[in-house]
Amino acid sequence: YKKESGEVSNRTIEPHYLLLNYPVWYVLAFDHLRDAPRAFRCDRILEAEGSDARFRLLPKDAFEQSLEGNIVI
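Residues 347 to 419 in the numbering used here are what the sequence shown lists, from first letter to last.
The structure is reproduced here in structure tokens:
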């Protein structure tokens, strides 16, 4: 993932939802690096790899804090 600052990091995430805040798409996911729900801009995801790991879908309201100040809904 490439941050706005240009810094690149590797993340293990559990994608839960896609959100369109025109013209930008976001992946709402649980981020294991931060141990919290986060929103990731799809255009900043540089590479992705699938996994066989299972997870329980989080409710949409679990992502409210990660959206505050970043995305206008």
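Cβ coordinates follow ideal geometry from the N, Cα and C atoms, glycine included.
Owing to the predicted nature of the structure, the values given are computational and were not obtained by experimental measurement.
Check	Outcome
Cα-Cα separation, K341 to S355	For the chain, the structure presents residues 347 to 419; residue 341 sits outside this window and is missing.
Supposed contact pair L404 and H362 - C-beta distance, whole angstroms, cut 8 Å	5 Å
Residue environment, F409, which counts as buried when at least 16 other CB atoms sit within 10 Å	buried
Inter-residue Cα distance where the pair is D389 and L366	12 Å
I359 beta carbon less than 8 Å from that of F376	yes
Option in V370, K406, A399 with minimal Cα separation from F386	V370
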